[in-house]
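For the sequence shown, full-length UniProt numbering assigns the number 1 to the initial residue and increments by one for each residue that follows.
I have placed the structure first, in the form of structure tokens, so that the comments after it can refer back to it.
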Amino acid sequence: MHLGSSSKSRAVVLAWTLALSSIYALLPAVGDASRWADDPHYGSKVAIAKPHRLRNLRQDGVQPSPEESRRPPSPPLMPASKAAALAPPPPPPVVVGPIPDYPTLIDFLMDRQDLSTFLRGLVVTGLNATVGTQAFRGTIFIPDNTAFANLAKTTKITVQDMFDDVNTLRLILMYHITTAASFFKVDFRPGWTSLPMLSLRRLNIYKTKGVMFMQDENTRNARVTEIDWFVGRSVAYISNDVMLPLTLDPAYRTWGEALSGVPQVAMWRQLLTASGLVFPPGRSNLTLLAPSNTALTKITERLNTTITDLVTFPGVITSIISHILPAVFRRTTTAEGAVLGSLNAQASYEIRNTSSSATPVVIVGRGPFAGINASIVRGDIAASSGIMHVIDAFF
Numbered sequence: 001m002h003l004g005s006s007s008k009s010r011a012v013v014l015a016w017t018l019a020l021s022s023i024y025a026l027l028p029a030v031g032d033a034s035r036w037a038d039d040p041h042y043g044s045k046v047a048i049a050k051p052h053r054l055r056n057l058r059q060d061g062v063q064p065s066p067e068e069s070r071r072p073p074s075p076p077l078m079p080a081s082k083a084a085a086l087a088p089p090p091p092p093p094v095v096v097g098p099i100p101d102y103p104t105l106i107d108f109l110m111d112r113q114d115l116s117t118f119l120r121g122l123v124v125t126g127l128n129a130t131v132g133t134q135a136f137r138g139t140i141f142i143p144d145n146t147a148f149a150n151l152a153k154t155t156k157i158t159v160q161d162m163f164d165d166v167n168t169l170r171l172i173l174m175y176h177i178t179t180a181a182s183f184f185k186v187d188f189r190p191g192w193t194s195l196p197m198l199s200l201r202r203l204n205i206y207k208t209k210g211v212m213f214m215q216d217e218n219t220r221n222a223r224v225t226e227i228d229w230f231v232g233r234s235v236a237y238i239s240n241d242v243m244l245p246l247t248l249d250p251a252y253r254t255w256g257e258a259l260s261g262v263p264q265v266a267m268w269r270q271l272l273t274a275s276g277l278v279f280p281p282g283r284s285n286l287t288l289l290a291p292s293n294t295a296l297t298k299i300t301e302r303l304n305t306t307i308t309d310l311v312t313f314p315g316v317i318t319s320i321i322s323h324i325l326p327a328v329f330r331r332t333t334t335a336e337g338a339v340l341g342s343l344n345a346q347a348s349y350e351i352r353n354t355s356s357s358a359t360p361v362v363i364v365g366r367g368p369f370a371g372i373n374a375s376i377v378r379g380d381i382a383a384s385s386g387i388m389h390v391i392d393a394f395f
């Protein structure tokens, strides 16, 4: 009886052991806290289970403290309008200057059929390789095609003449370009501005009441018809006439042409012819002070004679010679108070009012002509023999 009971007891223990082993096999791993906590079958019995120690290590392998394991509280949500008000202001825009109208001067000229003569000149002279790049910085005054065509009417220089002489053409075009700066209209102050041009000559810009004019060394004027074309890094203007540097002596080729081309000095031309004076042919550096018809009429009326008989009066030939200066004198470039001699060694003149464009230049007689003053009524008339000024008195 005793042995039988023991065998039965061992059988019961074995059966319970097998049953418990089967139950434990169905349970999740000890460290899998998430499955324990989420399983409704086990409920609160496993809710206190802690995560596996290896799953909660920091990157340095050290177990984190309870303070480190806690998550900081999330900040409260802020209204979008308040968040926008507290946001930092955007950075200011980067200002790089005005946007060019055209990438280069050449692009601008190619887009304008009325400027084709200037473009053709740049190509023929090779200046397009310099002024036609994006890197070129300067100011360009561009005569339109009509200005080039009309040049022959006032100077006897045709467009064909210019293109036949590339050196002269280059000189003319360079006289319209300055590398001093890129000047917009607002950069020019009212009154006169003298610009050094690429041709090493100076071009005068005159601004009055918002209108711009140009004046070359021969006192020829042009009006600026279009302003502030921003081409690349340069500024372009359009004008209605071609400016000519002094070295071209553009107005007249000889003194005869100059005297015949200015009606104001018709009587002076007659007096020179009657005197028998012959001017040297070709180029020379002379300045001719030509009394106007009005001035000579006063003399002939006072002496009761004609202009051709005036030459017979004593001292008239000497007076005529005194009106010729052995140097080129321009009212735009002569300093205030300068004293100029004449072909008559006894006579000289002091020049006044050269610093003011609002009043005429005054020529003050010295020596035998002391006390006689004359004003220039039309000046700087260029000829191949020099410069002629029309004055309102006879010395």
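C-beta: ideal position from N, C-alpha, C; glycine also.
Please read all numbers here as calculations on a predicted model, not as lab measurements.
Which of helix, strand or coil DSSP assigns to residue i
i	result
residue 230	strand
residue 141	strand
residue 200	coil
residue 168	helix
residue 224	strand
residue 404	In this structure the chain extends from 1 to 395, so residue 404 is not present and cannot be described.
residue 118	helix
residue 306	coil
residue 297	helix
residue 157	coil
residue 148	helix
residue 272	helix
residue 254	coil
residue 277	coil
residue 219	coil
residue 163	helix
residue 123	helix
residue 394	coil
residue 313	coil
residue 244	coil
residue 134	coil
Distance between beta carbons of residue j and residue i, contact taken as under 8 Å
i	j	result
residue 243	residue 220	7 Å
residue 362	residue 373	6 Å
residue 125	residue 178	At roughly 17 Å, the Cβ-Cβ gap does not stay under 8 Å, so residue 125 and residue 178 are not in contact.
residue 370	residue 351	So it is not a contact: roughly 15 Å between Cβ atoms.
residue 184	residue 235	6 Å
residue 205	residue 212	6 Å
residue 302	residue 376	Actually they are not in contact, since the Cβ atoms of residue 302 and residue 376 sit about 23 Å apart, beyond 8 Å.
residue 203	residue 214	6 Å
residue 210	residue 285	Not confirmed; about 39 Å, so no contact.
residue 367	residue 348	6 Å
residue 188	residue 100	Rounded, the Cβ-Cβ distance is 20 Å, inconsistent with contact.
residue 114	residue 161	Going by Cβ atoms, the distance from residue 114 to residue 161 rounds to 21 Å, so no, they are not a contact pair.
Cross-strand partners of residue i (DSSP beta bridge)
i	result
residue 350	339, 364
residue 205	193, 214
residue 236	140, 229
residue 324	288
Option nearest residue i by Cα separation, candidates the options
i	options	result
residue 320	190, 142, 269, 245	269
residue 176	296, 390, 216, 256	216
residue 116	299, 147, 101, 199	147
residue 267	170, 295, 110, 186	295
residue 292	390, 104, 170	390
residue 258	388, 150, 194, 330	388
residue 142	197, 157, 241	241
residue 381	218, 274, 343	218
residue 272	261, 263, 290	290
residue 309	340, 276, 152, 328	276
residue 316	181, 299, 334, 262	299
residue 191	208, 318, 165	208
residue 353	344, 274, 364	364
residue 154	227, 193, 261	261
Unbroken beta strand (DSSP E) run spanning residue i, endpoints
i	result
residue 330	Element bounds for residue 330: n/a, residue is neither H nor E.
residue 388	386-391
residue 405	Residue 405 cannot be examined here, being either before or after the span of the chain that is shown, 1 to 395.
Residue interval of the alpha helix (DSSP H) (run including residue i)
i	result
residue 262	Premise fails: residue 262 is in no alpha helix (DSSP H) and is neither H nor E.
residue 99	Taken as a continuous stretch (DSSP letters only), residue 99 belongs to no alpha helix (DSSP H), as it is neither H nor E.
residue 186	Looking at the DSSP string, residue 186 is not in any alpha helix (DSSP H), and its letter there is neither H nor E.
residue 383	From DSSP, residue 383 is part of no alpha helix (DSSP H) but of the beta strand (DSSP E) over 373-383.
residue 129	128-131
residue 456	The structure shown has nothing for residue 456, since the chain only spans 1 to 395.
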